[in-house]
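>
Chains as they are written, first to last, in this note's numbering: chain E, 4 to 116; chain B, 2 to 433.
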């Protein structure tokens, strides 16, 4: 069986997280630029006296599909590599995946990882 | 004098660069990404339209040649229509009527009209803009230029100092911008929706190019008193106006940044770009009237005051979108009026202001020239703006404005940064 590990992290931590996952032997991942807010509120910007509140903060979302037994290791690696200890470090969550198919070969589930 | 003529050709090209692309970049970066092309087009179109109008009747109406020193409010627009009666064979003792001087003056009319566009960003039909600038330069720019520089009525009653266009260019464009902002009305969502500048790197590039081009504007505005003995005057005057332009702009940038730091906590790049322009505006009329300390004072005051003035539109609720009033009207007023205090006879203008023992006379004529420009252009711009409003109309439909004027008026979008949106378009032109 397989699981999807999703992490929303600080953009500048992407390289650290990526290399930590490579060390673990993760074979592939998907990265997208996203915006959002959590406990870290946005900030204000002033242009010629006009003040704007920017409440959505830029983040990076990393998605990795792994076999069940690797999920905890992957989560730990992301948390360790992505942490700065300051507010706004993000979240990691794990969800079950019904099935996975490799497009090129048609292999399924564990074989497709 | 060969050096003078060579310099004037270069100066003319420099001032041309101030409109396309410098002002277009400066303004374009400050708009939202959905209206940057229209903003830039307003400058580009001013170049083409006002440039041709100037050759057809502007030169004649401003009376820099025919009608020079006629003491009237305007000169005859038809006498030299299309430059027909202008002999291109310049004589050795003429500096005022050569084609070089015509081209130089043309670029001033162009940029003055283009400056106004910042007050009405994101919302005006291109046809209304073109109509406006043709009528506006005819009723406001050429007459004011004649009165201040062409020996018209004003200069013969109150001969104010305006080296390169504090009244003719900046107060003129500034008051016109204020009137248009009021008549055309606010953008949809003004003071409700975020209207952040979309690309301040464009604005920074534009401000830098404006600064460079402004040397053509100010230093090129030298008038040689005696062509047979112009070499010495050329060397001393151009050096002085070049230095004054430089130090005033430096002081204004710092002045703007200091005010921002005090009020908002941070010195911004938009503040630096704006301070540069505020300083250039303020020193424009004064660059031939003051010494370097005077120039630094005028620059610093203009930078600081304009930084505060750009907040006024939010207090009073008029949508002068890119602060033509806050920068050009206020900066122009500062520079033109402060000549009355800082003017010194050691500068080319040869007049002592209040601080140099000249009494109140200089301040008086400076203020009167300002009032003349404000009233003349304020009244006539109101008439033109209302006439357009009630005939062809100024505005694009509100829904088109929300979607973006670039697509509505030009059928284009400025940026295609996402691969997905590029692949979602498909080609319909056959054989393309």
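In this text, a Cβ means the ideal position worked out from N, Cα and C, and glycines have one as well.
Near residue 313 of chain B, what residues of its chain come up, given a Cβ to Cβ distance below 7 Å and the 5 sequence neighbours on each side ignored?
327
> Are the Cβ atoms of residue 337 of chain B and residue 167 of chain B separated by less than 8 Å?
Contact flag set, yes.
> Contact between the segment 204 to 221 of chain B and the segment 344 to 355 of chain B is defined here as three or more beta-carbon pairs at a separation below 8 Å; is this criterion met?
no
> Counting along the chain, where does the beta strand (DSSP E) carrying residue 10 of chain E start and finish?
Element bounds for residue 10 of chain E: 5 to 12.
> Can you give me the Cβ contacts of residue 361 of chain B inside the same chain, cut-off strictly under 7 Å, excluding the 5 residues immediately before and after it?
If we look at residue 361 of chain B and ignore the five residues flanking it on each side, its Cβ neighbours are 355.
> In chain order, what residues of the same chain lie with their CB nearer than 7 Å to the CB of residue 4 of chain B, ignoring the 5 residues before and after it?
235
> Suppose the cutoff is 7 Å on Cβ atoms and the five residues either side in sequence are ignored; what does the same chain contact list for residue 379 of chain B look like?
176 and 180
> Using the Cβ count rule (16 or more neighbours within 10 Å means buried), how would you classify residue 393 of chain B?
Label assigned to residue 393 of chain B: exposed.
> Based on Cα-Cα distance, which residue from E:115, E:92 and E:68 lies nearest to residue 39 of chain E?
E:92
> Which value, in whole angstroms, describes the spacing of the CA atoms of residue 76 of chain B and residue 138 of chain B?
14 Å
> Which residues does DSSP list as the beta-bridge partners of residue 98 of chain E?
E:7
> May I have the straight-line CA-CA distance separating residue 206 of chain B from residue 32 of chain B, to the nearest angstrom?
C-alpha separation (whole angstroms): 15 Å.
> Taking residue 186 of chain B as the reference, which of B:222, B:171, B:125 and B:74 has the closest Cα?
B:125
> Just to confirm the assignment, what range does the beta strand (DSSP E) spanning residue 46 of chain E have?
46 to 50
> So which residues of chain B does residue 51 of chain E contact, with C-beta pairs closer than 7 Å?
271, 275, 311 and 324
> Using a 10 Å radius around the Cβ and a threshold of 16 neighbouring Cβ atoms, would you call residue 83 of chain E buried or exposed?
exposed
> Just verifying my parser: in three-state terms, what is the DSSP assignment at residue 104 of chain E?
strand
> Taking C-alpha atoms, which residue in B:335, B:143, B:248 and B:275 lies nearest to residue 286 of chain B?
Of the candidates B:335, B:143, B:248 and B:275, the one whose C-alpha sits nearest the C-alpha of residue 286 of chain B is B:335.
> Which residues mark the beginning and the end of the beta strand (DSSP E) in which residue 53 of chain E is found?
53 to 57
> I'd like to check one pair, residue 329 of chain B with residue 1 of chain B: are the Cβ atoms closer than 8 Å?
What the structure shows of chain B is the stretch from 2 to 433, and residue 1 of chain B is not part of that stretch, so it cannot be assessed.
> Using DSSP with H/G/I as helix, E/B as strand and the rest coil, what is residue 66 of chain B?
Here DSSP, grouped into helix, strand and coil, assigns residue 66 of chain B to strand.
> Under 8 Å: do the segment 140 to 148 of chain B and the segment 304 to 321 of chain B share three or more Cβ pairs, one atom per stretch?
no
> Using the three-state DSSP reduction, which class does residue 111 of chain E fall into: helix, strand or coil?
Note: residue 111 of chain E maps to strand in three-state DSSP.
> For chain E, check one thing: does any of its Cβ atoms lie closer than 8 Å to the Cβ of residue 265 of chain B?
Closer than 8 Å: yes.
> My output table needs one value for residue 42 of chain E: the three-state DSSP class, helix, strand or coil.
In this structure, residue 42 of chain E counts as coil in the three-state DSSP scheme.
> Express the C-alpha separation of residue 194 of chain B and residue 62 of chain E in angstroms, rounding to a whole number.
When only Cα atoms are considered, residue 62 of chain E and residue 194 of chain B end up about 24 Å apart.
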